[in-house]
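Contents: one structure, followed by commentary.
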Amino acid sequence: MHNHVLKDLKNTAGKFPDKKAFCGEHSALTFQQLDHAVDTIGTFILEKNIRKSPIVVFMEKSPEEVATFFGIIRAGSYYVPIDAEMPSVRIHLILENVKSPLLICDDSTFEKVGELGFSGSIVKYSEILDGGKIDDAALSAVYNDSIDTDPLYIVFTSGSTGVPKGVVGCHRAVNDYIDQLSEVLGFSEETVFGNQTPLYLDACFKELFPTIRYGATTYFVPKALFMQPLKLVQYLNEHEINTVCWVVSALTIISTFGTFKTEIPKYLKTIAFGSEVFPIKQFRMWRQALPEATFTNLYGPTEGTGMCCYYRVNRDFEDGDAIPIGRPFDNTDILLLDEEDHEVTKESGKQGEICIRGTSLTLGYMNNPEKTSEAFTLNPLQTHWPELIYRTGDIGRYNEAGELMFVSRKDFQIKHMGHRIELGEIEVNAQMIDGITGAACIYDKEKGKIVLFYSGNKEEADMKVILKDSLPRYMVPNVTRKLDRIPLTSNGKTDRVALAEMVKTRS
Amino acid sequence: MDELIEILKDIHPDVDYETATDLVDGKILDSFDIISLVSEIADKFDVVVSAEHMIPENFNSAQALWDLIQRLEDEE
């Protein structure tokens with residue numbers, strides 16, 4: 012029996028041919044249309060004699076982009092999403108890393124593709140679909156040859172050395188993730204998703220794969236609505252959206268501005284959130300507005316395929332409390348390891364690094380053996396045969412109720428506006444600017460701002476403008492501060508304590 | 668108005684706020700910019716911005732935003 016992520020698509024398309032699968036701002040695809048597009052794209056790739064290769068997708072967020080992802084998977088290759096929001100420097104680094112033979116774009120990105128200097132073939136989605144054929148025999152042959160440890164995607168995450176890391180994920184881990192997540196959140200054919208997260212990360216798996224498995228429907232909520240809370244709620248109601256898996260900051264945009272006084276997202280019954288701390292005051296507003304809904308905190312790094320832990324909220328919290336990350340999904344194990352790699356027990360209440368064991372592990376970082384072996388290591392608690400664990404770099408502990416709590420990071424990775432960011436990547440990019448002699452980043456948690464300290468001959472305002480060219484928008488420092496020199500500790504390292512103090516005292 | 672321009676410049680130093688009239692429609696300000704902008708404005712001008720004010724028309728230019736702040740100040 013094949014354990015392929017698209018194993019349910021044909022069935023679902025047979026069962027609900029005319030039901031909408033994915034709906035975007037400008038277009039929608041029914042399950043039948045989706046299935047047809049997927050097979051057509053799959054056939055096109057096979058006819059180009061491309062096998063088991065990374066294929067770049069540079070399209071507007073749309074149902075057609077999802078069809079392209081699945082079409083690539085149908086052909087036994089794996090998709091690498093890039094996005095117009097990414098600065099060109101970052102796109103170049105990604106293209107250099109994956110060395111792909113084919114890029115699929117659309118009308119909205121076609122012009123930009125020319126600037127990328129991409130060396131493989133370039134084709135538009137519409138060109139593939141117009142009069143495209145379907146070769147069932149060739150597609151079946153590829154399907155029958157596939158195994159569930161084959162990759163299906165590479166998504167890129169911030170890297171501390173300035174180079175983003177490509178996380179390679181496989182069928183087995185995605186299927187397991189969707190099994191567990193669907194059980195916890197109760198997805199079915201009745202589910203109507205309102206997607207918020209971008210398609211170039213693994214966060215969107217929560218909607219993409221359950222939609223084809225159950226015959227659910229996913230709406231891509233237009234980005235512009237996330238600054239118009241009232242219209243956002245009206246949109247959710249118009250489409251009778253009952254399930255959202257959003258970053259916390261997207262949810263608090265609604266609660267902060269008193270939207271609930273005017274309009275309640277009355278169809279919502281399943282609300283999952285994650286990636287950030289939910290301020291309890293805001294969380295309470297949500298629970299009061301939707302007393303019947305379930306609220307689930309999700310936790311997990313991209314390297315563990317989507318999410319790996321959950322906590323279904325079942326009690327009240329005081330201001331300043333943190334919502335637990337709870338317990339691992341079934342079929343996933345979490346180890347807490349101390350600095351000597353000894354296990355931290357539940358009962359001890361001590362802290363340790365959160366490490367993941369199980370099927371949910373991704374395959375590693377693309378063309379990056381060094382970073383892969385640092386993070387994906389042998390399990391120090393079980394030395395009888397080789398068994399990999401992933402070291403998240405997150406520090407956790409168990410509370411009195413035996414629930415896992417997130418404590419802090421081991422390094423300089425932060426979560427800012429729902430995005431995972433290595434402060435080191437910002438520092439490296441700042442240091443590469445001509446005339447800059449030193450750079451160090453501090454995250455002002457209280458205000459949610461990235462503060463860049465630097466020395467050199469550039470003005471504070473210019474630094475932000477220059478960094479916009481090399482960093483994604485969400486990584487550009489909110490505050491830039493010029494210093495005569497970056498303070499150092501007695502052993503010559505950046506004095507982050509002194510810098511953090513400067514952040515505090517300035518306000 | 669100068670105080671407002673200063674807050675705006677802090678977010679995007681490279682924008683000419685005297686002339687720009689498509690800050691939202693032209694995707695110069697994204698949703699997270701708007702959120703931090705609103706919290707700065709609330710602090711500085713002591714006004715309460717609520718959901719019905721959060722529409723592109725109020726944020727497309729510095730002048731529109733300034734007018735909104737004036738209206739909110741009058742309401743109090």
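Protein sequence lines correspond, in order, to chains P and U.
Counting from 1, position 299 in the first sequence corresponds to residue 310 in our numbering; the numbering is continuous, with no gaps.
Counting from 1, position 66 in the second sequence corresponds to residue 733 in our numbering; the numbering is continuous, with no gaps.
We put the CB at the ideal spot given by N, CA and C, even for glycine.
Note that this is a predicted model, so its numbers are computed, not measured.
Check: Listed by chain order, chain U residues near Val109(P) by CB distance under 9 Å; Outcome: Those within 9 Å of Val109(P) in chain U number zero; the least Cβ separation is about 27 Å.
Check: Under 9 Å (Cβ pairs) to chain P, residues found in the stretch 698-711 of chain U; Outcome: Ser698, Phe699, Asp700, Ile701, Ile702, Ser703, Val705 and Ser706
Check: Top-ranked residue by Cα proximity to Asp669(U), from Asn727(U), Arg738(U), Asp741(U) and Lys711(U); Outcome: Lys711(U)
Check: Nearest-angstrom Cα separation, counted from Val68(P) out to Thr516(P); Outcome: 46 Å
Check: Residue environment, Ala412(P), which counts as buried when at least 16 other CB atoms sit within 10 Å; Outcome: exposed
Check: Stretch pair the stretch 167-180 of chain P + the stretch 429-440 of chain P: three plus CB contacts closer than 8 Å; Outcome: yes
Check: DSSP-derived helix/strand/coil call for Ser518(P); Outcome: Its pLDDT being 49, under 50, Ser518(P) is placed unreliably by the model, and nothing is read from it.
Check: Close Cβ partners of Glu685(U) (< 6 Å) along its chain, the five nearest in sequence each way excluded; Outcome: none
Check: Min CB distance Ile264(P) to chain U below 9 Å; Outcome: yes
Check: Chain U contacts made by the stretch 257-288 of chain P, where a contact means CB separation under 9 Å; Outcome: Ser260, Ala261, Thr263, Ile264, Ile265, Thr267, Phe268, Gly269, Thr270, Phe271, Lys272, Thr273 and Glu274
Check: Helix, strand or coil at Val715(U) [DSSP, three-state]; Outcome: coil
Check: Limits of the beta strand (DSSP E) - the one that Pro162(P) falls within; Outcome: Pro162 to Thr168
Check: Span separating the alpha-carbon of Asn502(P) from that of Arg492(P); Outcome: 24 Å
Check: Rounded distance between the beta-carbons of Tyr278(P) and Leu247(P), thought under 8 Å; Outcome: 7 Å
Check: Spatial neighbours of Leu389(P) in its chain, beta-carbon cut-off 8 Å, leaving aside the 5 residues before and after; Outcome: Pro397, Glu398, Leu399 and Ile400
Check: Contact belief for Lys280(P) with Thr316(P) at Cβ below 8 Å, rounded distance in angstroms; Outcome: So it is not a contact: roughly 26 Å between Cβ atoms.
Check: Own chain residues within Cβ distance below 6 Å of Ser99(P), not counting five before or after; Outcome: none
Check: Cβ of Val490(P) within 9 Å of any chain U Cβ; Outcome: yes
Check: In DSSP terms, what Arg431(P) is bridged to; Outcome: Lys426(P)
Check: With 16 other Cβ atoms within 10 Å as the buried cut-off, status of Asn308(P); Outcome: buried
Check: Other residues of its chain near Val16(P): CB distance less than 7 Å, five sequence neighbours each side excluded; Outcome: Ile84, Leu163, His182, Val185, Asn186 and Phe220
Check: Chain U within 9 Å of Asp473(P), Cβ atoms only; Outcome: yes
Check: C-beta neighbour in chain U for Met238(P), strict 9 Å; Outcome: yes
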